[in-house]
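Participant:
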Amino acid sequence: MNSCRTLVLATCLVASGSVFSAQFDDIAVKLDQYVKKEVKQGLPGAALAVVINGDIRLLRGYGVVKNGSNKKVNSATVFPLASISKTFASAAVSILVERGLLEWDTHVVPYLENITFSDADLGKEVTLRHVLSQSTGLVAQAYSDLLEDNVSYPKILQILNRVKFVCEPGNCYSYQNVVYNLSADMLALAAGVDYPTFVKEQVFIPLRMDNASFGMEGYKQADNRASPHVKVKSGCGAVQPTPFYYRVPAAAGINASAQDLAKWMLAQMGQQPTVLEPSLLEIMHKPHVRANQYRYRARMSNVTYGLGWRLFDYRGLTGFVHHGGWVKGFRTEMVFNRNTQTGMVFLANCENNRVARDIVLFFLQLYQERYGVQLAGADTKK
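First residue of the sequence shown: 31, per our numbering; consecutive thereafter.
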């Protein structure tokens, strides 16, 4: 087994912040080359983590934390994770489910006394499972625009009862940010501590996610942090970080590095059962609702949403788990397959949708080349 398994030997995270296993692998090498090329073509900075067969093969930073700076990105550089944060909410809730303090099918109302829905009959059917699987039935992206207009989360909740249902809870996919954060409110009530504190104590610390934090304050306290950039005619231009989505911590509140997310991936692959039991991972990674909104849809099949994760098949290969994220100035991607314990994390400090999309598709292509024949042969022998 590779000596660079992060959760076993933290010393593999060398002082430079980069690790490339001596046991080279085509997937890691080609992804490394891809990111190098994109940085040369104008992407200010990025970080990459690659896990192959359950071992970390690559942890590396590229470019600079900010255009015009000499400070290099490394694998310990902190990025806002945006919607990859949603994957931590389902995991945190699962810990309370395991302890018997919450149930997946706990109803939002009356558990949260301050919440009312536009249709009382449909509203009383909405459960924690619906919130985490993006299947509440409410209009998609309800009040995400108000977050971006600097309206506070408590004020938005006061008008949540104006949001219409487009289907019965559990019957359709409707992606949310504000509504997704109801999971954090329910967790805090059950745990007796606020959501960020619970995640820090129950996830970050036991997994040794040393660079992970919550909110704008956590981001600014990180000396080694990437700065946001947006696309401009000349490439990517630096902008100020925005606090808006940090106000819904379950949906988009976490900052972390490629090192941290490599450890998070291993835990999601079942390598940290004392933190996340395999039975809970099965619930999070199983389809809960068919998801018809997916920017890679033409290349994928059986696209669904689990609990905090997107799920899909790719050209006959099953078992892919994915989430991406965007906030102003950043793009993040995490994709893996538990069947082969293989996956990738990509963090970039410019909101370039093409690069984020293409690196996921490139990873899937490399995965198919590596495992497609092997898995097809295994199926034939059954």
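Think of the CB as a built atom: it goes at the ideal place given N, C-alpha and C, for glycine as much as any other residue.
Tell me whether residue 487 is buried or exposed, calling it buried when 16 or more other Cβ atoms sit within 10 Å of its Cβ.
Facilitator: Coverage of the chain is limited to positions 31 through 412, which leaves residue 487 absent and any answer about it impossible.
Participant: Here's the rule: buried if 16 or more other CB atoms are within 10 angstroms of the residue's CB, otherwise exposed. What is residue 289?
Facilitator: Buried, because 16 or more other Cβ atoms sit within 10 Å of the Cβ of residue 289.
Participant: Identify the continuous alpha helix (DSSP H) that holds residue 59 and give its terminal residues.
Facilitator: 56 to 70
Participant: Only counting the same chain, and skipping five residues up and downstream in sequence, which positions put a Cβ closer than 7 Å to that of residue 52?
Facilitator: Per-residue confidence for residue 52 stands at a pLDDT of 42, beneath the threshold of 50, marking its modelled position as unreliable; the derived number appears in the next sentence. Excluding positions up to five away in sequence, the list is empty.
Participant: Helix, strand or coil: how does DSSP classify residue 249 here?
Facilitator: helix
Participant: Specify whether the region 139 to 158 and the region 274 to 286 touch according to this definition: at least 3 beta carbon pairs, one from each stretch, less than 8 Å apart.
Facilitator: no
Participant: For a minimum of 4 consecutive residues, which ranges assigned as the alpha helix (DSSP H) are wholly contained in the region 125 to 205?
Facilitator: 138 to 141, 150 to 153, 158 to 162, 174 to 178 and 183 to 188
Participant: Excluding the 5 residues preceding and the 5 following residue 311 in the sequence, name in chain order all residues of the same chain whose CB lies nearer than 7 Å to its CB.
Facilitator: 298 and 300
Participant: How is the alpha helix (DSSP H) around residue 311 delimited, first residue to last?
Facilitator: 308 to 314
Participant: So, are the CB atoms of residue 202 and residue 72 less than 8 Å apart?
Facilitator: When the beta-carbon positions are compared, residue 202 and residue 72 stay at least 8 Å from each other.
Participant: How about residue 205 and residue 171: are their beta carbons less than 8 Å apart?
Facilitator: yes
Participant: Here's the rule I'm using: 16 or more other beta-carbon atoms within 10 Å means buried, otherwise exposed. How should residue 83 be labelled?
Facilitator: exposed
Participant: Can you tell me where the alpha helix (DSSP H) holding residue 280 begins and where it ends?
Facilitator: 279 to 282
Participant: Can you tell me which of the three DSSP states residue 363 falls into?
Facilitator: strand
Participant: List the endpoints of the continuous beta strand (DSSP E) containing residue 261.
Facilitator: 259 to 262
Participant: Helix, strand or coil for residue 222 per DSSP?
Facilitator: coil
Participant: Closest to residue 197 by CA distance: which of 165, 363 and 286 is it?
Facilitator: Just measuring C-alpha positions, the residue of 165, 363 and 286 sitting nearest residue 197 is 165.
Participant: Which same chain residues end up closer than 7 Å to residue 117 when comparing Cβ atoms and leaving out the 5 residues on each side of it in sequence?
Facilitator: 338, 339 and 353
Participant: For residue 374, which beta-bridge partners are listed by DSSP?
Facilitator: 80 and 365
Participant: Please report the distance separating the alpha-carbon of residue 32 from that of residue 245.
Facilitator: Because the pLDDT at residue 32 is just 42, under 50, the model does not fix this residue reliably, and the value given afterwards should be weighed accordingly. Cα to Cα, residue 32 sits roughly 35 Å from residue 245.
Participant: Can you tell me whether residue 102 is helix, strand or coil according to DSSP?
Facilitator: strand
Participant: Quick one: grab the DSSP three-state call for residue 294.
Facilitator: helix
Participant: So for residue 287, helix, strand or coil by DSSP?
Facilitator: coil
Participant: To the nearest angstrom, how far is the alpha carbon of residue 158 from that of residue 177?
Facilitator: 22 Å
Participant: Between the Cα of residue 89 and those of 208, 95, 213 and 104, spot the shortest distance and give me the residue it belongs to.
Facilitator: 104
Participant: I need the straight-line Cα distance from residue 371 to residue 396, nearest angstrom please.
Facilitator: 14 Å
Participant: Tell me whether residue 235 sits in a helix, a strand or coil according to DSSP, three-state version.
Facilitator: coil
Participant: State the start and end residues of the unbroken beta strand (DSSP E) segment that holds residue 348.
Facilitator: Per DSSP, residue 348 belongs to the beta strand (DSSP E) from 347 to 357.
Participant: Return the Cβ separation of residue 77 and residue 213 in integer angstroms, given the expectation that the two are a contact with Cβ distance under 8 Å.
Facilitator: Between residue 213 and residue 77 the Cβ distance is about 27 Å, and since that is not below 8 Å, they are no contact.
Participant: Using CA coordinates, which residue listed in 136, 390, 256 and 283 is at the minimum distance from residue 208?
Facilitator: 283
Participant: Among residues of its own chain, excluding the 5 on either side of residue 322, which ones have a beta-carbon nearer than 7 Å to its beta-carbon?
Facilitator: 203
Participant: Output the distance between the C-alpha atoms of residue 344 and residue 394, rounded to the nearest integer angstrom.
Facilitator: 7 Å
Participant: Please name the residue or residues paired with residue 243 in a DSSP beta bridge.
Facilitator: 285, per the DSSP bridge assignment.
Participant: Once the 5 residues before and after residue 392 are set aside, which same chain residues still bring their CB inside 8 Å of it?
Facilitator: Around residue 392: 60, 61 and 64.
Participant: Report all residues from its chain with a CB closer than 6 Å to the CB of residue 308; omit the five preceding and five following residues, and keep chain order.
Facilitator: 300
Participant: Are the region 255 to 262 and the region 185 to 193 touching, with three or more C-beta to C-beta distances below 8 Å?
Facilitator: With a cut-off of 8 Å on Cβ pairs, the region 255 to 262 is not in contact with the region 185 to 193, counting fewer than three such pairs.
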